Amino acid sequence: MKIYLSRDAVAKALGAEDVAVAIRDEAEARGITVELIRVGSRGMTWLEPLVEIDAGQGRLAYGPVRAADVPALLGGEIDTLGRVEDIPFFARQTRLTFARCGVIDPLDLDAYEATGGLKGLRRALAMSGEAIVDELKLSGLRGRGGAGFPTGIKWDTVRLARADQKYIVCNADEGDSGTFADRMIMEGDPFSLIEGMAIAGIATGATRGYVYLRSEYPDAIEVMQEAVRIGRARGLLGADVLGSGRSYDMEIRVGAGAYVCGEETSLLNSLEGKRGVVRAKPPLPALHGFLGKPTVVNNVISLATVPVIFERGAEHFANFGLGRSKGTIPVQIAGNVRFGGLFETAFGLPLGELVDDVAGGTASGRPVKAVQVGGPLGAYFPREKFDTPFGYEEFDGQGGLIGHAGITVFDDTADMLGMARFAMEFCAVESCGKCTPCRLGATRGVETIDRIAAGDPAAAALLTDLCETMTDGSLCALGGFTPYPVMSALTHFPDDFARQKEAAE
Amino acid sequence: MSASAATSGASIVATEQDLHEIGEIVARHAQLEGPLLPMLHALQDMFGHVPQAAIPVIADALNLTRAEVHGVMSFYHDFRKAKAGRHTVKICRAEACQARGANTLAATALAKLGVEWHGTTTDGAITVEPVYCLGLCANGPNAMVDGRVVAGLDETRLDALLAEART
Ligand SMILES: Cc1cc2nc3c(=O)[nH]c(=O)nc-3n(C[C@H](O)[C@H](O)[C@H](O)COP(=O)(O)O)c2cc1C
Ligand code: FES
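Residue numbers (my numbering), protein chains in the order written: chain A, 109 to 613; chain B, 522 to 688.
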């Protein structure tokens, strides 16, 4: 019998290692032969640690499983949730980027190949750089790190630049609260990222790559380092990629706990060993990036989606989605939700359907009050805006952004003045210090919100002015977008700001 | 900040052995493209903080001023000038954990330990740091204990972890 158990950080953080030990011990005690396969996460994190047992009738799911449950589990005394693929949260998804995540042992390169892996790279190796970029443009893939810039156009700029050395830099800084897609794919299917980066290298003529991975992700760091080692040993990376005569190699670099280092120019400074301050643009990183050389900077999901585009063709990908938001998006459902985790779906699902149906409302059972979409720089959406379809332009049109596609749900106990204050405080803590509107504005913002809380009637107008200054004058989106959560809280939840005033009077 | 750096600075005297290890680590990373962060991480892994004695060695190897090395080190939340407590507990303060009760959990833990954020308990056992998201955001409140992530915390589980760290 085969038993699958997640090795993803969520599962481990909820006791998966103890479950693994218990499974081995119990199997031995019962004298049954068990092949225990450690996989990535299926993304249904409320079920972690999730155990799947395959005794010839498909992979039957059990979860959450504690170590103490294992004797009953192997004794057949626990009811299954059914086949994983039939669990509604899973069945409703369209898994392209995450097709393999949770299915195979993430470090088993043969299993990766057996499930379509490396087909995209093999195809790309037979194409010209121009043809690769054209295909990527046709797919409509836009950057998943937040800005939504067309990936094909970025690659083309690097491809056409002349230089003795070019670089592929993967942005794995994933600092946004409410997001974990990068972590999950790196832990659950690291070769998809490596393959995507190799295709980027082949397309643009970049022979070296770096993954800038945040230090808060020890499990992802471990898996990625091991995957790179295996990739080198197996000829996927190195001087002769898959025997093509082309060269591409890469390294994992660890961040050091600075949110702003997710901003691409700050990231490049950090990677060079400098303070992670933001660089003025232009020059674009595509022309003047790492060590001054032409550099592709892409998010993990952007790069990990490239292999499936080349495996199945650009059109297959582009046929999913809504308007100019093509393909699928791994929505990360977080915060106070009943069914949380990673939900990959074609663009276009209304926010409310994600919150009320897919996530099943709040974990606390109380009414949903607000949903922050797009991390700490994203707006708080009230229920009145729940019909907004998930897409770049659609969220922009509603005064928000989808960012890295995390949605964080709050119940009616949330204090929106407190959340606005936190947004300003976070900006003050994480500001790189280079521009005044962000560095000083955020601190003033905290003070101004405290004045509102104390009942100062003039303070709300001051806060609005301050936010305008930050939006217009900040060098990057840290200071520039902090007004999104602040102003959306103030605009959509005025009672939380007024109530404080009454309390003070 | 300056007070704690001064007191701890006095207690940190690099031994011959330390200097030897510092030299090795710096030399091992010097040829990388962008070697400074990997160096600082390796030093911190070895010593639990970045020893003052390493700064001139790094500056020499990378052709930087000591002030520049300091400037880089102090920019990043991860790097410590002085040793932390025997265990470091990082509690997530970010939004998705807040939505699941992290504020109350953190406030209670800080009060019980008698410290503020970044503080170390008087017995030197635990340093408490804030962290902004560990990527386990549907399962909070979450924390990281000495580099290991723990999810789905409530007061009882966190108390147990803290008690374990103090023994
Ligand atoms: C403050 C700030 C933080 C950011 N954090 C991240 C991050 O953690 N990951 C990421 O991919 N992009 C992040 N970005 C966006 C990057 O600057 C950049 O747009 C992205 O890496 C480009 O890759 P993409 O085109 O594949 O999205 C951040 C931007 C800002 C302003
Ligand atoms: S917000 Fe706490 S783990 Fe993401």
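Backbone N, C-alpha and C fix where the C-beta goes; we use that ideal spot for every residue, glycine too. Keep in mind that this is a model prediction, so the values were computed, not measured.
Nearest candidate by alpha-carbon position, reference residue i, set the options
i: Ala175 (chain A); options: A:Pro497, A:Glu136 and A:Ala128; result: A:Ala128
i: Asn406 (chain A); options: A:Gly435, A:Thr373 and A:Val416; result: A:Thr373
i: Leu553 (chain B); options: A:Pro545, A:Ile409, A:His600 and A:Gly381; result: A:Gly381
i: Pro593 (chain A); options: A:Ala422, A:Gln506, A:Ala239 and A:Leu182; result: A:Gln506
i: Cys654 (chain B); options: B:Arg621, B:Ala681, B:Leu679 and B:Ser595; result: B:Arg621
i: Asp116 (chain A); options: A:Val142, A:Val147 and A:Lys110; result: A:Val147
i: Pro214 (chain A); options: A:Glu330, A:Arg203, A:Ile140 and A:Tyr320; result: A:Glu330
i: Gln440 (chain A); options: A:Ala606, A:Leu598 and A:Val517; result: A:Val517
i: Ile240 (chain A); options: A:Cys209, A:Phe418 and A:Ala569; result: A:Phe418
i: Ala314 (chain A); options: A:Gly339, A:Pro326, A:Tyr320 and A:Val277; result: A:Val277
i: Thr436 (chain A); options: A:Arg200, A:Asp162, A:Leu181 and A:Val118; result: A:Arg200
i: Gly256 (chain A); options: A:His512, A:Asp558, A:Asp520 and A:Met595; result: A:His512
i: Leu450 (chain A); options: A:Ala388, A:Phe197 and A:Thr590; result: A:Phe197
i: Leu683 (chain B); options: B:Val649, B:Leu558 and B:Gly656; result: B:Val649
i: Gly283 (chain A); options: A:Ala163, A:Gly363 and A:Phe503; result: A:Gly363
i: Ser323 (chain A); options: B:Thr536, B:Ala575, B:Ala551 and B:Phe600; result: B:Phe600
i: Thr572 (chain A); options: A:Ile310, A:Ala597 and A:Ala478; result: A:Ala597
i: Asp218 (chain A); options: A:Arg446, A:Ala335 and A:Ala366; result: A:Ala335
Chain-ordered chain B contacts of residue i [CB-CB under 7 Å]
i: Tyr325 (chain A); result: Gly656
i: Glu371 (chain A); result: Per Cβ cutoff of 7 Å: no residues; Glu371 (chain A) is ~14 Å from chain B at best.
i: Ser378 (chain A); result: Leu558
i: Thr153 (chain A); result: Ala659 and Asn660
i: Leu399 (chain A); result: Glu554
i: Ser660 (chain A); result: Here chain A covers residues 109 to 613 and nothing more, so residue 660 (chain A) does not appear.
i: Ala207 (chain A); result: Going along chain B, no residue has its Cβ under 7 Å from Ala207 (chain A), so there is no contact; the nearest lies around 21 Å.
i: Val517 (chain A); result: Ala620
i: Pro157 (chain A); result: Within 7 Å Cβ-Cβ: nothing; Pro157 (chain A) doesn't reach chain B, min ~11 Å.
i: Ala442 (chain A); result: Ala617, Cys658 and Ala659
i: Gly449 (chain A); result: Ala659
Per-residue contacts from residue i into chain A (C-beta, under 8 Å)
i: Val649 (chain B); result: The premise fails here: Val649 (chain B) is roughly 15 Å from chain A at the closest Cβ pair, so nothing lies under 8 Å.
i: Gly569 (chain B); result: Those within 8 Å of Gly569 (chain B) in chain A number zero; the least Cβ separation is about 15 Å.
i: Gly668 (chain B); result: Pro326
i: His598 (chain B); result: Ala364, Gly365 and Ala366
i: Asn663 (chain B); result: Ala121
For residue j and residue i, believed in contact at Cβ under 8 Å, the rounded distance
i: Ile131 (chain A); j: Val178 (chain A); result: 6 Å
i: Ser247 (chain A); j: Ala426 (chain A); result: 5 Å
i: Val476 (chain A); j: Gly468 (chain A); result: The pair is not a contact, with the Cβ atoms about 11 Å apart (cut-off 8 Å).
i: Glu538 (chain A); j: Leu586 (chain A); result: 7 Å
i: Ala617 (chain B); j: Gly286 (chain A); result: 4 Å
i: Ile409 (chain A); j: Thr205 (chain A); result: 6 Å
i: Val319 (chain A); j: Arg361 (chain A); result: 7 Å
i: His608 (chain B); j: Ile647 (chain B); result: 5 Å
i: Ala580 (chain B); j: Val590 (chain B); result: 5 Å
i: Pro572 (chain B); j: Leu564 (chain B); result: 7 Å
i: Ile338 (chain A); j: Ala412 (chain A); result: Between Ala412 (chain A) and Ile338 (chain A) the Cβ distance is about 17 Å, and since that is not below 8 Å, they are no contact.
i: Asp162 (chain A); j: Lys110 (chain A); result: 4 Å
i: Asp327 (chain A); j: Glu295 (chain A); result: 6 Å
Proximal residues of chain A, C-beta to C-beta of residue i below 9 Å
i: Asp581 (chain B); result: What Asp581 (chain B) touches in chain A: nothing, since even the nearest Cβ is about 15 Å away.
i: His639 (chain B); result: Neighbours of His639 (chain B) on chain A: none; closest Cβ ~12 Å, over 9 Å.
i: Glu676 (chain B); result: Neighbours of Glu676 (chain B) on chain A: none; closest Cβ ~16 Å, over 9 Å.
Where residue i meets chain B, residues with beta-carbon distance less than 9 Å
i: Ala117 (chain A); result: Leu655, Gly656, Leu657, Val670 and Ala672
i: Leu375 (chain A); result: Neighbours of Leu375 (chain A) on chain B: none; closest Cβ ~11 Å, over 9 Å.
i: Gln480 (chain A); result: Glu616, Ala617 and Ala620
i: Ala522 (chain A); result: Gln619 and Ala620
Neighbour flag for residue i against chain D, beta carbons, 8 Å
i: Glu282 (chain A); result: Chain labels in this structure do not include chain D; the protein chains are A and B.
Partner residues on chain B for residue i, Cβ-Cβ distance less than 8 Å
i: Arg361 (chain A); result: Gly555, Leu558 and Pro559
i: Val445 (chain A); result: Ala659
i: Arg167 (chain A); result: Per Cβ cutoff of 8 Å: no residues; Arg167 (chain A) is ~22 Å from chain B at best.
i: Gly309 (chain A); result: Ordered by position in chain B, no residue passes the 8 Å Cβ test against Gly309 (chain A), which lies about 15 Å from the chain.
i: Phe198 (chain A); result: What Phe198 (chain A) touches in chain B: nothing, since even the nearest Cβ is about 15 Å away.
i: Arg291 (chain A); result: Gly656
Chain A contact residues for residue i, given Cβ-Cβ distances below 7 Å
i: His592 (chain B); result: For the record, residue 592 (chain B) in the displayed sequence is Gly; it is not His. Per Cβ cutoff of 7 Å: Arg383.
i: His608 (chain B); result: Neighbours of His608 (chain B) on chain A: none; closest Cβ ~15 Å, over 7 Å.
* Do the region 344-355 of chain A and the region 546-554 of chain A meet, that is, are 3 or more Cβ pairs less than 8 Å apart? -> No: the two stretches stay apart, fewer than three of their Cβ pairs being nearer than 8 Å.
* Asked: How about the region 487-507 of chain A and the region 458-466 of chain A: do they share at least three Cβ pairs that are nearer than 8 Å?
  -> Inter-segment contact for the region 487-507 of chain A and the region 458-466 of chain A is present: three or more beta-carbon pairs are separated by less than 8 Å.
* Counting pairs of beta carbons, one from the region 355-366 of chain A and one from the region 393-412 of chain A, are three or more of them closer than 8 Å? -> no
* **Given 8 Å, three or more beta-carbon pairs between the region 227-237 of chain A and the region 376-394 of chain A** => no
* Asked: For the region 428-443 of chain A against the region 220-228 of chain A, are there 3 or more C-beta pairs whose distance is under 8 Å?
  -> no
* To do: Specify whether the region 560-569 of chain A and the region 479-493 of chain A touch according to this definition: at least 3 beta carbon pairs, one from each stretch, less than 8 Å apart.
  => no
* To do: Please determine if the region 571-578 of chain A and the region 550-563 of chain A are in contact, where contact requires at least 3 C-beta pairs separated by less than 8 Å.
  => Cβ pair count under 8 Å is three or more, so yes.
* Report yes or no: do three or more beta-carbon pairs, one from the region 110-124 of chain A and one from the region 154-164 of chain A, lie closer than 8 Å? => yes
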